[in-house]
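**Q** The structure under discussion is supplied below as structure tokens; questions concerning it will follow.
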Amino acid sequence: MSRAARQAVTAVAVVVLVVAALVLVRAVRSGDDVTSTPADPTTTAADGTSAAQYFLDTYVDADGRVVRRDQGDDTVSEGQAYAMLVAVGSDDEDTFDAVWSWTQAHLLRSQDGLLSWHWSGGEVVDASSASDADLDAARALVLAGQKWGDDSLTRAGVDLGTAILDHETVSTPAGLVLVAGQWATSSSPYWFNPSYVSPAAMQVLYAASGDSRWTSLEAGSNAAVRAATVDGQLTPDWATIDDQGNASPSASPSGAAAVFSYDAARTLVRNAESCSSDDTAITAALAAILGTSGEAYGTYSLDAQPQTSDLSALTAVAQAAGAAVTGDDATAEAKLAEARSIVAQGSTYYGAAWAALGSIMLTTDALGGCPPLADDASSSATTSPTPTPTESATASVSSADA
Numbered sequence: 011m012s013r014a015a016r017q018a019v020t021a022v023a024v025v026v027l028v029v030a031a032l033v034l035v036r037a038v039r040s041g042d043d044v045t046s047t048p049a050d051p052t053t054t055a056a057d058g059t060s061a062a063q064y065f066l067d068t069y070v071d072a073d074g075r076v077v078r079r080d081q082g083d084d085t086v087s088e089g090q091a092y093a094m095l096v097a098v099g100s101d102d103e104d105t106f107d108a109v110w111s112w113t114q115a116h117l118l119r120s121q122d123g124l125l126s127w128h129w130s131g132g133e134v135v136d137a138s139s140a141s142d143a144d145l146d147a148a149r150a151l152v153l154a155g156q157k158w159g160d161d162s163l164t165r166a167g168v169d170l171g172t173a174i175l176d177h178e179t180v181s182t183p184a185g186l187v188l189v190a191g192q193w194a195t196s197s198s199p200y201w202f203n204p205s206y207v208s209p210a211a212m213q214v215l216y217a218a219s220g221d222s223r224w225t226s227l228e229a230g231s232n233a234a235v236r237a238a239t240v241d242g243q244l245t246p247d248w249a250t251i252d253d254q255g256n257a258s259p260s261a262s263p264s265g266a267a268a269v270f271s272y273d274a275a276r277t278l279v280r281n282a283e284s285c286s287s288d289d290t291a292i293t294a295a296l297a298a299i300l301g302t303s304g305e306a307y308g309t310y311s312l313d314a315q316p317q318t319s320d321l322s323a324l325t326a327v328a329q330a331a332g333a334a335v336t337g338d339d340a341t342a343e344a345k346l347a348e349a350r351s352i353v354a355q356g357s358t359y360y361g362a363a364w365a366a367l368g369s370i371m372l373t374t375d376a377l378g379g380c381p382p383l384a385d386d387a388s389s390s391a392t393t394s395p396t397p398t399p400t401e402s403a404t405a406s407v408s409s410a411d412a
């Protein structure tokens, strides 16, 4: 065959491949059934890229709904917020836009700007808000707006944050406290979930908005976390707190026993990524009780005795957080790998989400925190509770007040 003929054949082959790729992309974006293989969570790099892709591929539908496939195919505001954070952390703008669009269309409450927490069977089945989801979503929106240069996303994040401050907090002598949701503000003692408190999110939202209530909320909420944690014991999934800031472990609103489980383990991760050494000290203290090298069980009594033989990817991430803030990077990395392995052995929506989030939060600054496993982490944590708001944030707040 002549050179000209070979070049012609090659050109035709390239055109065919390009057309095929365009057809595949169009099919995926239109929601057609295109068979694909999700990323393998066990091959995740240190920055959590593959774990993030696995979660998004496995649990996010084409329209942006995050589906709890292991829990009846329902959707919760928490999952939408997790996907938004993972999308920002992995620089996936298309997925972020889809997830936020679905969230706005189906969960955004017109009366106060918060999110309904539970959607199933084509409709909202419980319109109550969940403050952890609202806080995570607000953080994700602000970061997305900054990352992709979209002021409307930043404004949406600041607005959602303002709704949190207005409707999901109570006042104590130590400052504002983030309670479980708008439904939990009616009378003292208030329902308080220590793992809902995200200092890094509060720091991001203060910097974006300039609203000083965020500094009060961080101080008051972490005082409540400490108050709810009995000396020598683990933080409970749930607690109650009164107007004077007195807190104590409690059964959950549904009546489940006071334990350290799939809620409370998040407390270690959320405080580990904070830019305040006061917050990372909470993680270090809890890690000393939980341990960082043993099995990662799903449920413990408050005195750290395992209550199940089931393994939890989140607990492994919590152990990684504890190891990271105490300078044991090798154990921290091993525990992040263990979390991914647990997901690979039996994937759940929640485990996959935290395997992804844990890697992003602890090893990268993509979500605005001070990750303890980042290269410059040794100098990132300070005693300052929050960063100074930017000039653009101050202007944004002023225009909103006007």
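Here the sequence shown is numbered in my numbering, starting from 11 and rising by one per residue.
Yeah, the Cβ is synthetic: ideal placement off N, Cα and C, and Gly gets one too.
#1: Applying the 10 Å Cβ sphere with the 16-neighbour rule, what's the burial state of Ser141?
#2: Would a C-beta distance cut-off of 8 Å place Ser231 and Val187 closer than the cut-off?
#3: Should Thr318 be labelled buried (16 or more other beta-carbon atoms within 10 Å of its own) or exposed?
#4: In whole angstroms, give me the CA-to-CA distance for Leu117 and Ser126.
#5: By alpha-carbon positions, which one of Ser264, Ala268, Ala331 ends up nearest to Ala238?
#6: DSSP state of Pro259, grouped into three classes?
#7: Take the Cβ of Asp144 as the centre, count every other Cβ of all protein chains shown within 10 Å, and call the residue buried at 16 or more, exposed below.
#8: Does the separation of the CB atoms of Thr68 and Val76 fall below 8 Å?
#9: What residues in its chain sit with their C-beta under 6 Å from that of Val135, if we drop five residues either side in the sequence?
#10: Do you know whose CA, among Ser311, Ala274, Ala61, Glu305, lies nearest Thr493's CA?
#11: Closest to Leu215 by CA distance: which of Gln192, Val207, Gly167, Asn203 is it?
#12: Pairing CB atoms from the region 153-167 with CB atoms from the region 191-198, are three or more of them under 8 Å?
#13: Find out if the Cβ-Cβ distance for the pair Asp102, Leu66 is shorter than 8 Å.
#14: Mind listing, in chain order, the continuous alpha helix (DSSP H) runs of no fewer than 4 residues lying wholly within the region 55-138?
#15: Taking the alpha-carbon positions, what's the Glu343 to Ala328 distance?
#16: In the DSSP output, what is Tyr307 paired with across the bridge?
#17: Return the CA-CA distance between Glu283 and Tyr310, expressed in angstroms with no decimal places.
#18: Going by the CB atoms, is the gap between Ala297 and Thr358 shorter than 8 Å?
#19: Work out the CA separation of Pro204 and Thr341 for me, nearest whole Å.
#20: According to DSSP, is Ser286 helix, strand or coil?
#21: Which of the three DSSP states, helix, strand or coil, is assigned to Val180?
#22: Rounded to the nearest angstrom, how far is the Cβ of Leu324 from that of Arg276, given a contact under 8 Å?
#23: Would the region 177-186 count as touching the region 241-256 if we require 3 or more Cβ pairs under 8 Å?
#24: Can you tell me the Cα-Cα spacing of Cys285 and Ala334, whole angstroms?
#25: Determine the direct distance from the alpha carbon of Gly242 to that of Glu348, and round the result to whole angstroms.
#26: Could you have a look at Ala249 and say whether DSSP puts it in helix, strand or coil?
#27: Does the distance from the CB of Val109 to the CB of Val70 come in under 8 Å?
#28: Are there 16 or more other CB atoms within 10 angstroms of the CB of Gln315, so buried, or fewer, so exposed?
#29: Going by the CB atoms, is the gap between Ala365 and Tyr2 shorter than 8 Å?
**A** Quick answer:
#1: As a first step, residue 141 is located in the sequence shown; it is residue number 131 there, counting from the start. So Ser141 counts as buried.
#2: What you label residue 231 is simply residue 221 of the sequence shown in a count that begins at 1. What you label residue 187 is simply residue 177 of the sequence shown in a count that begins at 1. Yes; because the gap between Cβ atoms is below 8 Å, this pair is in contact.
#3: Numbered from its first residue, the sequence shown carries residue 318 at position 308. It is exposed - the Cβ of Thr318 has fewer than 16 other Cβ atoms within 10 Å.
#4: For the purposes of this step, residue 117 is identified with residue 107 of the sequence shown, where counting begins at 1. For the purposes of this step, residue 126 is identified with residue 116 of the sequence shown, where counting begins at 1. When rounded, the distance between both Cα atoms is 5 Å.
#5: Here residue 238 refers to the residue found at position 228 of the sequence shown. Nearest of Ser264, Ala268, Ala331 to Ala238, Cα basis: Ala268.
#6: Reading the sequence shown from its first residue, position 249 is the one you call residue 259. Correct three-state label for Pro259: strand.
#7: For this step, residue 144 is matched to residue 134 along the sequence shown. So Asp144 ends up on the buried side.
#8: The residue given as residue 68 occupies position 58 in the sequence shown. The residue given as residue 76 occupies position 66 in the sequence shown. Not a contact, by the Cβ cut-off of 8 Å.
#9: Taking the first residue of the sequence shown as position 1, residue 135 is located at position 125. Once the five neighbours on either side are set aside, the close Cβ partners of Val135 are His128.
#10: As displayed, the chain neither begins before 11 nor continues past 412, which places residue 493 out of reach and without an answer.
#11: By one-based count along the sequence shown, residue 215 stands at place 205. Ranking the options by Cα distance to Leu215, first place goes to Gly167.
#12: no
#13: For the purposes of this step, residue 102 is identified with residue 92 of the sequence shown, where counting begins at 1. For the purposes of this step, residue 66 is identified with residue 56 of the sequence shown, where counting begins at 1. A contact, by the Cβ cut-off of 8 Å.
#14: 59-69, 87-99, 103-116
#15: Counting from 1 along the sequence shown, the entry for residue 343 is found at position 333. Counting from 1 along the sequence shown, the entry for residue 328 is found at position 318. Going by the C-alpha atoms only, they are around 12 Å apart.
#16: One-based indexing of the sequence shown puts residue 307 at position 297. The partner list for Tyr307 (beta bridge, DSSP) reads Leu321.
#17: For this step, residue 283 is matched to residue 273 along the sequence shown. For this step, residue 310 is matched to residue 300 along the sequence shown. If I take the Cα positions, the gap works out to 23 Å.
#18: Position 348 of the sequence shown holds residue 358. Position 287 of the sequence shown holds residue 297. Not in contact: Thr358 and Ala297 (Cβ atoms no closer than 8 Å).
#19: Within the sequence shown, residue 341 is the residue found at index 331, counting from 1. Within the sequence shown, residue 204 is the residue found at index 194, counting from 1. Taking the straight line from one Cα to the other gives about 25 Å.
#20: Indexing the sequence shown from 1 puts residue 286 at position 276. Ser286 falls in the strand class under three-state DSSP.
#21: Position 170 of the sequence shown holds residue 180. In the structure shown, Val180 sits in a strand (DSSP, three-state: E or B).
#22: Here residue 324 corresponds to residue number 314 of the sequence shown, with the count starting at 1. Here residue 276 corresponds to residue number 266 of the sequence shown, with the count starting at 1. About 7 Å separates the two Cβ atoms, so the contact holds.
#23: yes
#24: As a first step, residue 285 must be located in the sequence shown, where it is residue number 275. As a first step, residue 334 must be located in the sequence shown, where it is residue number 324. Approximately 14 Å, taken between the alpha carbons.
#25: Residue mapping note: residue 348 aligns to position 338 of the sequence shown, counting from 1. Residue mapping note: residue 242 aligns to position 232 of the sequence shown, counting from 1. One C-alpha to the other measures close to 26 Å.
#26: Walking along the sequence shown from the start, residue 249 turns up at place 239. Looking at Ala249 - three-state DSSP - the assignment turns out to be strand.
#27: Translated into the one-based positions of the sequence shown, residue 109 becomes position 99. Translated into the one-based positions of the sequence shown, residue 70 becomes position 60. Result yes, Cβ atoms of Val109 and Val70 sit closer than 8 Å.
#28: Here residue 315 is taken as the residue at index 305 of the sequence shown, counted from 1. By the 10 Å Cβ count, Gln315 comes out exposed.
#29: Missing from the structure shown is residue 2; the chain here goes from 11 to 412 and no further.
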